[in-house]
Amino acid sequence: MSEKYLTAREAAKYTGLSESYLAKLRMGTSSIAGPNYVLIGLRGVRYRRTDIDAWMSARSVGARRTCGVK
1 MSEKYLTARE AAKYTGLSES YLAKLRMGTS SIAGPNYVLI GLRGVRYRRT DIDAWMSARS
61 VGARRTCGVK
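The sequence shown begins at 1 in full-length UniProt numbering and counts up by one.
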């Protein structure tokens with residue numbers, strides 16, 4: 001089965017994040033690490049859908065109890 005690669009625009013749409021935020025994650029200007037990506041040439045960026053899914057799953061946070069709620 002062939003691996004599905006997404007452009008930055010497609011990855012942004014898939015994740016609900018902006019293209020500029022994904023670029024910040026790639027450049028390391030964010031406090032968190034972004035999903036793995038493939039660099040094609042000097043500027044061509046592609047994301048494997050499986051890498052995006054793994055990155056999102058790793059960032060999953062469980063429910064937190066808020067103050068005053070029992």
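Glycine is no exception: its CB is placed at the ideal position from the N, C-alpha and C atoms.
For residue i: DSSP bridge partner residues
i: residue 6; result: 47
i: residue 39; result: 45
Buried or exposed by the 16-neighbour rule on C-beta atoms within 10 Å, applied to residue i
i: residue 51; result: buried
i: residue 39; result: exposed
i: residue 42; result: exposed
i: residue 11; result: buried
Local conformation of residue i per DSSP, three classes
i: residue 15; result: helix
i: residue 26; result: helix
i: residue 52; result: helix
i: residue 57; result: helix
i: residue 20; result: helix
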